Each structure stands twice: as structure tokens, then as C-alpha cells.
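Enquirer:
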Amino acid sequence: MIAILDFLYFLADTGLELLTWAIFITVIASWLIAFNVINPYNPFVGQILNTLNRIIEPLCRPIRRLLPDLGGIDLAPMILVILIIGVRNYLLRGAFNGLASLL
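Residue 843 in the numbering used here sits at position 3 of the sequence shown; the count goes up by one each step and never skips.
1) Using the C-alpha atoms, what's the distance from residue 884 back to residue 878?
2) Nearest CA to the CA of residue 851: which residue from 939, 928 and 940?
3) Measure the beta-carbon distance from residue 916 to residue 910 and round it to whole angstroms, keeping in mind my assumption that it falls under 8 Å.
4) Can you check whether the CB of residue 889 is closer than 7 Å to the CB of residue 880?
5) With residue 936 and residue 856 assumed to form a contact (beta carbons below 8 Å), what rounded beta-carbon distance in angstroms separates them?
6) Assuming residue 931 contacts residue 900 under a Cβ cut-off of 8 Å, what Cβ separation, rounded to an integer in Å, is found between them?
7) With DSSP collapsed to three states, give me the class of residue 846.
8) If you follow the alpha helix (DSSP H) that residue 877 is in, where does it begin and where does it stop?
9) Report yes if the CB atom of residue 873 is closer than 7 Å to the CB atom of residue 896, and no otherwise.
10) So that I know if they touch, is there some Cβ in chain B lying closer than 7 Å to that of residue 848?
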């Protein structure tokens with residue numbers, strides 16, 4: 841039973857790590873688009889950006905509603921990464937350690 845919990849912890853932790861990387865890639869891609877380094881009208885690039893935005897936007901939208909308008913600066917991805925790190929390091933680890941101690 842502990843092996844199943846370890847596997848579930850691995851899946852949850854890896855999923856949150858991939859989400860963190862997706863946020864970083866989205867932020868860097870938005871900078872590269874702003875400075876005309878990459879072309880968002882390229883079908884391949886557009887498809888990747890669309891997929892990443894569909895993953896990240898629903899998570900950033902509630903955070904953006906809480907933050908004041910700072911002009912062109914969007915702090916929501918940074919706050920989301922901090923929240924994900926907190927969930928990974930404290931909540932996820934604590935929850936799985938608590939479940940493992942019950943078994």
C-alpha cells in the first residue's frame with residue numbers, strides 16, 4: 841500500500857512540476873512575442889502557445905482578479921508559481937506523510 845502512495849505522490853509532484861515549467865515557458869514566450877523574436881502566427885508556435893494558455897489562464901484568472909492593476913506588469917504567474925511551490929513542499933508532502941503514517 842505504501843508503494844501505491846509513493847506512486848501517487850510521484851504523479852502529483854511531477855504534475856505540479858510540469859505545471860511550473862509550463863508557466864515559465866508561457867511567460868518567456870510572451871516576452872519573446874513582445875520583442876518580435878518569435879512569430880505567434882506560425883501554426884506550430886501558435887498551437888503550442890494556445891495549448892499553454894488554455895492550461896495556465898484558468899489558474900491565473902482568479903489571482904488577477906485579486907491583484908490591483910499594475911499596467912503592463914502581470915504578477916499572477918509569479919504568485920501562481922509560489923503557490924505551487926508551497927503546495928508541493930508543504931501540503932502535498934504533509935498529506936502523503938500523514939496518509940503513510942496511517943497505514
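By construction, the Cβ of each residue, glycine as well, lies at the ideal position given by its N, Cα and C atoms.
Keep in mind the model is a prediction, meaning the values are calculated, not measured.
Expert: The short version:
1) 11 Å
2) 928
3) Beta-carbon to beta-carbon, residue 916 and residue 910 are separated by about 10 Å, too far to satisfy the 8 Å threshold.
4) yes
5) Contact doesn't hold; Cβ gap of about 13 Å is too wide.
6) Actually they do not touch by this definition, with Cβ atoms about 20 Å apart.
7) helix
8) Per DSSP, residue 877 belongs to no alpha helix (DSSP H) and is neither H nor E.
9) No, these two residues do not count as a Cβ contact at 7 Å.
10) No chain B is present in this structure, which holds just one protein chain.
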